[in-house]
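Residues in the sequence shown are numbered from 168 upward in steps of one, following our numbering.
Note sheet for the following structure.
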Amino acid sequence: MLRTSLAALALTLLASMPAYAVLCTDSGGTLSFSYEENGQIRIDEQARNEHDMQMLRERGVDAVRVERWGTCIRAYVRLPDGTEEMQFFNPGSYRRAY
């Protein structure tokens with residue numbers, strides 16, 4: 168009886184956990200920002216995305232579009248056959264996150 172209850176509890180806990188498809192481990196250190204008139208920091212996302220795309224291309228990744236997605240960089244990468252694939256990279260090292 169106790170063994171069945173523990174198994175049911177374990178399955179319930181596992182089923183209620185969120186599913187993580189990708190976990191990026193480093194946050195990176197490059198942010199473009201400026202200060203607004205009230206003193207708050209405003210991050211220039213377009214400049215950051217362009218920088219991330221340039222860094223990926225320097226590493227041989229044919230990125231078409233790049234954006235920050237949670238703690239990762241989400242890049243749409245052109246494959247040799249001409250199709251695009253969504254891939255995730257770590258912001259600090261620009262290594263692919265699997």
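All residues carry an ideal CB built from backbone N, CA and C; glycine is no exception.
Cβ neighbour criterion (16 or more within 10 Å) applied to residue i
{"i": "V233", "result": "buried"}
{"i": "I240", "result": "buried"}
{"i": "Q221", "result": "exposed"}
{"i": "D219", "result": "buried"}
{"i": "R226", "result": "exposed"}
{"i": "Q254", "result": "buried"}
{"i": "R215", "result": "buried"}
Beta-carbon contacts of residue i that lie in its chain and below 6 Å, excluding the five residues immediately before and after
{"i": "R245", "result": "D229, V231 and E251"}
Per DSSP, the bridge partner or partners of residue i
{"i": "A214", "result": "DSSP output for A214 lists no bridge partner at all."}
{"i": "Y202", "result": "I208"}
Sequence-distant residues of the same chain with beta carbon closer than 8 Å to residue i, five excluded per side
{"i": "W236", "result": "F255"}
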